[in-house]
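Residue numbers (the working numbering), protein chains in the order written: chain F, 1485 to 1705; chain B, 1485 to 1705. Everything on this sheet refers to the single structure shown next.
There are 2 protein chains.
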Amino acid sequence: MTTSTFHKLRDEIENGIVTGTLAPGSRLDEVQLASRFGVSRTPIREALMQLGAIGLVEIRPRRGAVVVDPGPNRIYEMFEVMAELEGMAGSLAARRYTEEDRAKLLAAHAKCELSATSGDTDAYYYDNEIFHHAIYEASHSGFLFDQCSALHRRLRPYRRLQLRVRNRMKVSYGEHDGIIEAILAGEAEKARGLLRSHIAVQGDRFGDLIASLASSGQNML
Amino acid sequence: MTTSTFHKLRDEIENGIVTGTLAPGSRLDEVQLASRFGVSRTPIREALMQLGAIGLVEIRPRRGAVVVDPGPNRIYEMFEVMAELEGMAGSLAARRYTEEDRAKLLAAHAKCELSATSGDTDAYYYDNEIFHHAIYEASHSGFLFDQCSALHRRLRPYRRLQLRVRNRMKVSYGEHDGIIEAILAGEAEKARGLLRSHIAVQGDRFGDLIASLASSGQNML
DNA sequence: TTCAGATTTCTTGTATACATGACTATTGAC
DNA sequence: GTCAATAGTCATGTATACAAGAAATCTGAA
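Structural data, given as structure tokens:
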């Protein structure tokens, strides 16, 4: 259907940003994008407006749109908030999960185990997303689900960097184990705490983040 | 400057939604808005796109934009998340506030006292906003500040309804007192808990919210 | 009288054209 | 040689035109 042209463009561009194809700081030329996607500037602009509203691109009046470069500090802050929201989701999930949620959580957890033990970081990356979404869903708060999903998505590129750190994947899976246990046992506060520290960029992980940001600079440009 | 036309339009329409002039569920006709603001459809569409991206309006393909009607359940969920984020801001503020933050917090608190004791709900409504923003600021997390401000803004109409409840204003001010004390004493977890329950729609307040939503139905249409 | 099909109208989605502000390059003066 | 000012180019912002889908109305039959 012709109606979703701008919608598809939005997803396409957003994807480019979130995967790092469109590097932070790069200009988003309207005519260039238009010709690339074979459309006129109008739907491109509308897509950029939407991305501007959610903070992925900065729209400077009369000076074009650029991919936002959050900088290490803001990235840290985003993880900080993510940790809190995930903790909240876990806490609610522990109190509200249904039989269906339980099945999904366990299935996602099992898939993570598979990819973690086989050492497939790409697979783990995706299974990890499913796992966390299962928690958001089990919180039975539509709004929290939306907020978590949006922030999770925005943090995608940095989470990917983090998985490069040696052994992070196995440590991550180990943490999942405790999280699942706490949720299924209905221990809300324990689940909150475990999820918080699972997400939070604390201690060594802070240094790891900064280091991977620095070394990925070339890749992203 | 001609550059900020769509920007101004966005704020204008957003304001209409947030103050209740544009009721939940009402259609946003592009040509109508265009003639109202004396512009063409193009900047109107761009403004609507932005509002659509942040969830204030729903853009149904080929079927126009309507003001989102969250419904009681989702409103409750939004307050639930707001409570958590405010709690987080308070907790961070308790640990990070500077001398400047301290002065701002106390000033905002004093203004709230004035309007609360004089019984001026409109004044309290605004002073209350300043007070909460002072907390966000004192958290020294730019991202958290943005998230809190955005959600705070979205909840505006419902907070206004809440203030109509008898004595809510004075109770609210009393709670501020404890919050300020905890923050300035550096008691992070206490500040978190107090702010959480200050925002959360629990107990009687849930019934109050539902009731005011029902009775405000006429006003909003 | 009611329901179904078709036509008409209206609104949205996209393209294009035009105007205006920003950036760049060139020229002139110090 | 360097700096500044001006002219020219280019990208953005807005308006308008056109295309196409959705809704509403009208007509006909059961």
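Glycine included, each C-beta is placed from N, C-alpha and C at the ideal position.
Using a Cβ-Cβ cut-off of 8 Å (strictly less than) and excluding sequence neighbours within five positions of residue i, which residues of its own chain qualify?
i: LEU1628/B; result: LEU1569, MET1572, ALA1573, LEU1576, TYR1620
i: PRO1556/F; result: LEU1693, ILE1694, LEU1697
i: HIS1616/F; result: GLU1570, CYS1632, HIS1636
i: HIS1667/B; result: It is worth fixing the name first, because residue 1667/B is Ile in this sequence and not His. Excluding positions up to five away in sequence, the list reads GLY1574, ALA1577, ALA1578, TYR1581, LEU1589, ILE1619, ALA1622, ALA1675.
i: VAL1655/B; result: none
Let me know the secondary structure DSSP gives residue i once reduced to three states.
i: ALA1537/B; result: helix
i: GLU1665/B; result: helix
i: GLY1555/B; result: helix
i: ARG1650/B; result: coil
i: GLU1583/F; result: helix
i: GLY1548/B; result: strand
i: GLU1542/F; result: strand
i: LEU1512/F; result: strand
i: VAL1655/F; result: helix
i: HIS1636/B; result: helix
i: HIS1660/B; result: helix
i: MET1704/B; result: A caution first: MET1704/B carries a pLDDT of 42, below 50, which makes its placement in the model unreliable, though a value can still be read off. It is helical.
i: VAL1685/B; result: coil
i: ALA1592/B; result: helix
i: GLU1568/B; result: helix
i: VAL1523/B; result: coil
i: ALA1507/F; result: coil
i: ASP1611/F; result: helix
i: GLY1670/F; result: coil
i: ASP1692/F; result: helix
i: ASP1630/F; result: helix
i: GLY1603/B; result: coil
i: SER1575/F; result: helix
i: SER1699/F; result: helix
i: GLN1617/B; result: Per the sequence shown, residue 1617/B should be read as His rather than Gln. Looking at HIS1617/B - three-state DSSP - the assignment turns out to be helix.
i: HIS1444/F; result: With chain F covering only 1485 through 1705, there is no way to say anything about residue 1444/F.
I'd like to know whether the C-beta atoms of residue i and residue j end up nearer to each other than 9 Å.
i: ARG1680/B; j: GLN1646/B; result: no
i: TYR1642/F; j: ILE1528/F; result: no
i: LEU1512/B; j: ALA1537/B; result: no
i: ILE1683/B; j: PHE1521/B; result: no
i: ALA1672/B; j: ILE1663/B; result: no
i: ALA1618/B; j: LEU1589/B; result: yes
i: MET1566/F; j: LEU1493/F; result: no
i: GLU1496/B; j: LEU1540/B; result: no
i: GLU1561/F; j: VAL1551/F; result: no
i: THR1489/F; j: THR1526/B; result: no
Assuming residue i contacts residue j under a Cβ cut-off of 8 Å, what Cβ separation, rounded to an integer in Å, is found between them?
i: SER1599/B; j: ASP1611/B; result: 5 Å
i: GLY1670/F; j: ARG1579/F; result: 7 Å
Give me, in chain order, the residues of the same chain whose beta-carbon lies closer than 6 Å to that of residue i; leave out the 5 immediate sequence neighbours on both sides.
i: MET1704/B; result: Residue placement at MET1704/B is poorly supported in this model, since its pLDDT is 42, which falls under 50; the coordinates still yield a value, given next. Only GLY1504, ALA1507 meet the Cβ criterion.
i: LEU1517/F; result: ILE1528
i: THR1601/F; result: none
i: ILE1501/F; result: LEU1540, VAL1551
Is it buried or exposed for residue i, if we count other Cβ within 10 angstroms and need 16 for buried?
i: ALA1531/B; result: buried
i: VAL1515/F; result: exposed
i: ASP1661/B; result: exposed
i: PRO1554/B; result: buried
i: VAL1544/B; result: According to the sequence shown, residue 1544/B is Arg rather than Val. ARG1544/B comes out exposed.
i: GLU1584/F; result: exposed
i: ALA1634/B; result: exposed
i: ALA1592/B; result: buried
i: GLN1686/B; result: exposed
i: SER1699/F; result: exposed
i: SER1524/F; result: exposed
i: SER1770/B; result: Residue 1770/B is absent from the model: chain B starts at 1485 and stops at 1705.
i: SER1625/F; result: buried
Quick one: what's got a C-beta closer than 7 Å to residue i's C-beta in the same chain, skipping five residues either side?
i: ARG1648/F; result: SER1696
i: ARG1652/F; result: GLN1646
i: CYS1596/B; result: TYR1608, ASP1611, ASN1612, PHE1615, TYR1657, HIS1660
i: GLY1509/F; result: VAL1550, VAL1551, ASP1553
i: ARG1586/B; result: LEU1668
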